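In the working numbering, the protein residues as written are 38 to 224.
Every residue, glycine too, gets a C-beta built ideally from N, C-alpha and C.
Since the model is a prediction, treat every value here as computed from it, not as a measurement.
Here is the structure we will look at, set down as structure tokens.
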Amino acid sequence: YMFCSTKGLKMLSEKEGFTLVEIIVTLTLVGIMAVVGGMGIITGMKGYVYTMENVAITQNARLAMARISKEISELTYIDTTSGTDCIRYKIETVSNNYRKIRPKSEELNLNVASGDDCDCDPSIDTGDILALQVENFKLTYQAYNGSELTPPINSNDLYAVNVEFTFTRNDDNPGNKFEMTVNTKNN
Numbered sequence: 038y039m040f041c042s043t044k045g046l047k048m049l050s051e052k053e054g055f056t057l058v059e060i061i062v063t064l065t066l067v068g069i070m071a072v073v074g075g076m077g078i079i080t081g082m083k084g085y086v087y088t089m090e091n092v093a094i095t096q097n098a099r100l101a102m103a104r105i106s107k108e109i110s111e112l113t114y115i116d117t118t119s120g121t122d123c124i125r126y127k128i129e130t131v132s133n134n135y136r137k138i139r140p141k142s143e144e145l146n147l148n149v150a151s152g153d154d155c156d157c158d159p160s161i162d163t164g165d166i167l168a169l170q171v172e173n174f175k176l177t178y179q180a181y182n183g184s185e186l187t188p189p190i191n192s193n194d195l196y197a198v199n200v201e202f203t204f205t206r207n208d209d210n211p212g213n214k215f216e217m218t219v220n221t222k223n224n
């Protein structure tokens with residue numbers, strides 16, 4: 038009675054396990070879901086890295102702009118060697134030494150020295166680094182009537198200095214451009 042029929046056993050064995058087609062379809066679906074999920078994770082990570090780099094660039098730009106703003110707002114004289122990519126100036130209330138802000142390769146430097154040690158000549162390598170990965174540094178000098186001034190400039194004639202620069206990025210995206218207008222304290 039325990040071995041009633043072979044027919045019942047045969048049906049039981051046919052229902053056990055998966056067919057090869059079922060396994061292949063399941064693996065294909067799991068593979069597709071893994072690829073889509075992986076692409077989503079990669080896209081999320083790229084967004085995170087992009088955002089973190091923007092935060093770092095913005096922080097560096099704020100620090101550089103704050104220092105440049107402080108320097109320019111206090112200046113009392115702009116030297117003839119100044120131009121659109123370098124400013125050589127004095128803050129006579131602080132010292133009689135010249136100061137300069139200029140780019141050097143991808144650095145933005147601030148230098149305080151006496152005489153020719155603080156020239157806008159790019160071959161002079163002294164100075165503290167204000168920011169890295171800077172390009173397209175540009176200065177324009179504005180008079181009270183809105184016209185553009187060229188150095189040498191007496192601080193009494195100077196209304197504002199416009200500063201522009203771009204931070205380069207480590208990826209293929211375009212750099213972040215920053216600009217500000219600094220009014221001198223004699224205004």
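- With 16 or more other Cβ atoms from the protein chains shown falling within 10 Å of its own Cβ, L176 counts as buried.
- Beta-carbon to beta-carbon, A101 and A168 are separated by about 4 angstroms, close enough to satisfy the 8 angstroms threshold.
- Leaving aside the five residues that flank E185 on each side, the residues in its chain whose CB is nearer than 7 angstroms to its CB run, in chain order, T177, Y178 and Q179.
- The beta-bridge partner set that DSSP reports for K127 consists of Y114 and Y135.
- T203 sits in a strand when the DSSP states are folded into three classes.
- Contact between V219 and S119 is ruled out by a C-beta separation of about 14 angstroms, above the 8 angstroms threshold.
- A residue is called buried once 16 or more other Cβ atoms fall within 10 Å of its Cβ, and P188 is buried on that count.
- Residue state for E59 is assigned as helix, using DSSP reduced to three classes.
- Of all C-beta pairs linking the stretch 132–147 to the stretch 188–198, fewer than three are shorter than 8 angstroms, placing the two stretches out of contact.
- Within the same chain, and ignoring the five residues on either side of N207 in sequence, the residues whose Cβ sits closer than 7 angstroms to its Cβ are E90.
- Contact annotation: N173 and T203 have beta-carbon atoms nearer than 9 angstroms.
- Annotated three-state conformation of Y178 is strand, per DSSP.
- For the 9 angstroms CB-CB criterion, R125 and I115 form a contact.
- In the three-state reduction of the DSSP assignment, N210 falls in the coil class.
- Sequence-distant partners of T117 (beyond 5 residues in either direction) whose C-beta falls short of 6 angstroms from its own C-beta, in its chain, are P188 and P189.
- Between the alpha carbons of I60 and M82 lies a gap of roughly 33 angstroms.
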